[in-house]
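Residue numbers in the sequence shown follow the working numbering, run continuously in steps of one, and reach 312 at the last position. Backbone N, C-alpha and C fix where the C-beta goes; we use that ideal spot for every residue, glycine too. Working notes, structure below.
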Amino acid sequence: MAGESGPGCKVDRVSEKYGLTAVDDRLRERRERGDSLRDLERVYNERVLAAAMESAGVDLPGREAATLYRLLTGDEVGPGERVNARSRLRRAGVDPATLESDFVSYQTVRTHLNDCLGLSTDRETAFGVDVARDTALKLVSRTESVTRQLIDRLRGRGAVTVAAPSVTVSVRVACSECGDEYSFSRLLDRGGCSCQSGRE
Ligand SMILES: [Zn+2]
Ligand SMILES: [Zn+2]
């Protein structure tokens with residue numbers, strides 16, 4: 113358990129493990145430019161992913177790291193795509209479970225900014241995009257697990273036959289003005305419908 117008892121948080125331990133020496137400066141700069149904790153979570157984890165692949169001898173340019181990260185963690189990614197993404201890691205010699213356990217949450221990023229870098233994140237403790245996202249995603253995963261249980265009960269009675277069912281709930285939001293539709297997460301990421309840009 114090297115590093116478990118030393119000073120610093122999970123971010124510090126993971127940075128050290130993957131040799132991310134300049135990452136604190138990047139986090140600080142991005143935070144000062146207005147990136148949200150969710151943005152920083154994603155940016156940080158993409159760097160961890162790129163570093164893991166690099167140490168396995170695979171060069172992963174920024175955009176590819178972003179795509180692969182989304183396939184591994186995105187809530188709108190189907191199970192098949194995720195399996196493929198994890199196989200890609202395995203083929204490179206990177207263990208997906210170890211890598212995923214090294215990914216940090218935005219709460220961990222917040223602790224790191226507050227306690228290790230001395231940056232305040234007070235303005236995000238109130239209700240906002242991160243809280244809204246968390247609340248909705250918890251409901252989604254609850255709905256998925258209840259649905260899975262219901263299917264299992266029906267299978268037990270022979271009322272439904274399906275092999276190893278996987279249940280995915282997606283929340284979509286449509287703009288009544290232009291009819292465009294977004295996943296809930298995507299709408300929050302982009303901050304509004306494309307037809308509304310430039311409006312107050
Ligand atoms: Zn820290
Ligand atoms: Zn619209």
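Is the CB-CB distance between residue i and residue j below 8 Å?
i    : j    : result
L300 : V241 : yes
L132 : A178 : no
D136 : L229 : yes
T123 : V221 : It should be noted that the sequence gives Val, not Thr, for residue 123. Cβ distance < 8 Å, so V123 and V221 count as in contact.
A209 : M165 : no
E144 : Y218 : no
DSSP beta-bridge partners for residue i?
i    : result
R284 : S295
Could you check the C-alpha separation between residue i and residue j for me, to the nearest Å?
i    : j    : result
L266 : T185 : 30 Å
C307 : E293 : 11 Å
N57  : S232 : A query on residue 57 cannot be resolved here, the shown segment of the chain reaching from 113 to 312 and no further.
R142 : I263 : 45 Å
C121 : H224 : 6 Å
R182 : S199 : 15 Å
R254 : R260 : 10 Å
D187 : V252 : 10 Å
S167 : A286 : 43 Å
Which one of the options has the shortest CA to CA distance from residue i?
i    : options                   : result
K250 : D207, A271, S297 and P173 : S297
V283 : R198, V189, R194 and L229 : V189
S257 : R202, P277, E153 and L161 : P277
N157 : D137, G169, V170 and Y130 : Y130
A248 : V281, R269 and A209       : V281
E289 : V274, S295 and C305       : C305
R302 : D147, R138 and E128       : D147
Please report the Cβ distance between residue i and residue j, rounded to the nearest whole angstrom; I am assuming they are in contact, meaning their Cβ atoms lie under 8 Å.
i    : j    : result
L161 : L211 : 7 Å
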